[in-house]
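Working notes, structure below.
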Amino acid sequence: MEPGDERIDWRGQPIDCSRCVHIDVRDAGGCRPGHACVEDRYARRIDRFFDWNPQFGSAYVVHPHFEVRAIAAKHADLFRLPALLGDPEEAVRWNAVQRLPLRYKRMLRHDPHREVRIRIASQLDDADLVGMMGDPDYYVRLVVARRIAPSLLGPLMRDEEPEVRRVVAGRIAPSMLSAMTHDPDPAVRLSAVERQARDLIGRHAGDADWRVRHAVALRTADSAVLLRLAGDADALVAEAARERLVALGRGRAEVAS
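For the sequence shown, position 103 matches number 91 in our numbering, and the numbering has no gaps at all.
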């Protein structure tokens, strides 16, 4: 929704169009008070000004108001953008680096603001993501875990954040799943067991979490394991095991016994 009709600049002062350096632009229809104005405190109005007048982008990358710098960066000449990677405001740095080659994005892998690092991680390739596995922010590591090649996920198997390890368990090579089936977090163990080879999952029939035992009951073909789970204390696990036994051709009477 468009803000009110007030015409206040970023310093909280009333806007006086008669003193604006762009009075000729206004007269030519290139801006409109309360709608498209580079001095306005509302980002939408600033954005609209540059949409109408992209030629002014380079001139405003040093403006004292960060919203102006950030929006100007979307229109400025490319050669003006590298200097903005050191801007104190993350919005300016991000808008600048989006338009720059990959080598500049690598420079922001350790940006002080988590949102910048999250966005950077969503754009880098494997070789550059390896260095972000130890990021102090769990969500940055989560993005890395979702994007990096499965063969490179090993270090994140021991991540301190269970959600990161759960993503790892869902993507890592099957040959590396065994260790994750013993993870202290049941959601991680579940993700691992759901992908583990059927002939190996029977060993987890005694897992403390019913969801893991249920996953075993749904996938194992080991009748001995299924008969054990058919008597599980959890009704859903027991039912799944009995249905699996029937599906595998065991007699209903034997299952019931």
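Each residue gets a CB set at the ideal place from its N, CA and C atoms; glycine is no exception.
For clarity, every value in this text was computed on a predicted model and none was experimentally measured.
Residues near residue i in its chain [Cβ-Cβ closer than 6 Å; skip 5 each side]
i           : result
residue 3   : -5, -3 and 27
residue 92  : 85
residue 70  : none
residue 31  : 55
residue 214 : 229, 232 and 233
residue 109 : 120, 128, 131 and 132
residue -11 : Annotation note: pLDDT 40 at residue -11 (below 50); position unreliable, coordinate value reported separately. For residue -11, where only same-chain residues beyond five positions count, there are no Cβ hits under 6 Å.
Through-space distance from residue j to residue i, alpha-carbon basis
i           : j           : result
residue 184 : residue 203 : 11 Å
residue 211 : residue 102 : 50 Å
residue 9   : residue 25  : 12 Å
residue 138 : residue 161 : 6 Å
residue 37  : residue 116 : 37 Å
residue 21  : residue 52  : 20 Å
residue 176 : residue 18  : 57 Å
residue 218 : residue 112 : 48 Å
residue 246 : residue 94  : Past the boundaries of the shown model lies residue 246; the chain is included only from -11 to 245, so the question cannot be answered.
residue 171 : residue 47  : 55 Å
residue 220 : residue 235 : 18 Å
residue 0   : residue 11  : 21 Å
residue 237 : residue 222 : 23 Å
residue 149 : residue 136 : 17 Å
residue 168 : residue 224 : 24 Å
residue 123 : residue 99  : 10 Å
residue 15  : residue 80  : 30 Å
residue 39  : residue 201 : 58 Å
residue 163 : residue 78  : 41 Å
residue 35  : residue 23  : 10 Å
residue 90  : residue 114 : 13 Å
Test item: CB-CB of residue i and residue j under 8 Å
i           : j           : result
residue 152 : residue 140 : no
residue 120 : residue 97  : yes
residue 196 : residue 216 : no
residue 82  : residue 118 : no
Own chain residues within Cβ distance below 8 Å of residue i, not counting five before or after
i           : result
residue 106 : 125, 127, 128 and 131
residue 165 : 157, 180, 183 and 184
residue 133 : 141, 144, 147, 152, 155, 156 and 159
residue 206 : 228 and 232
residue 7   : none
Cβ shell of residue i (< 7 Å), same chain only, five flanking positions each side left out
i           : result
residue 199 : 174 and 178
residue 49  : 57, 60, 61, 64, 68 and 72
residue 208 : 186, 189, 190 and 214
residue 13  : 19 and 41
residue 29  : -4, -3 and -2
residue 226 : 217, 218, 219 and 220
Distance between beta carbons of residue j and residue i, contact taken as under 8 Å
i          : j          : result
residue 87 : residue 66 : 6 Å
(message) For the pair the segment 37 to 45 and the segment 70 to 81, tell me if three or more CB-CB distances fall below 8 Å.
(response) Flag = no, the segment 37 to 45 and the segment 70 to 81 do not touch.
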